[in-house]
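Trainee:
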Amino acid sequence: MFLLPPPRLKKALEVLDEDGSGEIDIEEWESAIQRGLKKRLAQLAEERERRQRAAEKADEEFSLEFLNAAREVFTMIDDDESGTLEKPEIVEAIQGNQKVIKFLVNCGNKNLQ
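Quick note on numbering: the sequence shown equals residues 648 to 760 in our numbering.
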């Protein structure tokens, strides 16, 4: 069993034999290895960039969810709808408002816990 079919192997050897001498010397060998390495490193860099973009998107989505949850709990605690939270409002909500307590325990969303 061949690693490459004979026609492809012949073509690969022609590419390796840069000077057309019919032999592959160490410089030609290393040049081919360097080209292969460069190509593989470029693929790895592209994959890292793709993963980084995905992670940044996930962070952005998480931040948006978290901020929305924070706004929601603010509204829940702001009983008098003044747009501000007074210390007694916060203490009362955290100690006695079951809806607020449940929300804070669950962070409003299981993904935000």
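Idealized CB from N, CA, C, for every residue including glycine.
Would you say the segment 735-750 touches the segment 718-726, given that touching needs at least three Cβ pairs under 8 Å?
Mentor: As far as the Cβ criterion goes, the segment 735-750 touches the segment 718-726, which means the pair count is three or higher.
Trainee: Going by other Cβ atoms of all chains shown within 10 Å of its Cβ, with 16 needed for buried, is Ala740 buried or exposed?
Mentor: Looking at its Cβ environment, which holds 16 or more other Cβ atoms inside 10 Å, Ala740 is buried.
Trainee: So what does DSSP say about Pro653, is it helix, strand or coil?
Mentor: Looking at Pro653 - three-state DSSP - the assignment turns out to be helix.
Trainee: With a 10 Å radius around its C-beta and 16 neighbouring C-beta atoms as the bar for buried, classify Ile673 as buried or exposed.
Mentor: That one is exposed.
Trainee: At the level of alpha carbons, what is the spacing between Leu685 and Ala692?
Mentor: Per the sequence presented here, residue 685 reads as Lys, with Leu not at that position. Their Cα atoms are separated by approximately 10 Å.
Trainee: Identify the continuous alpha helix (DSSP H) that holds Ser710 and give its terminal residues.
Mentor: 673-724 is the extent of the alpha helix (DSSP H) around Ser710.
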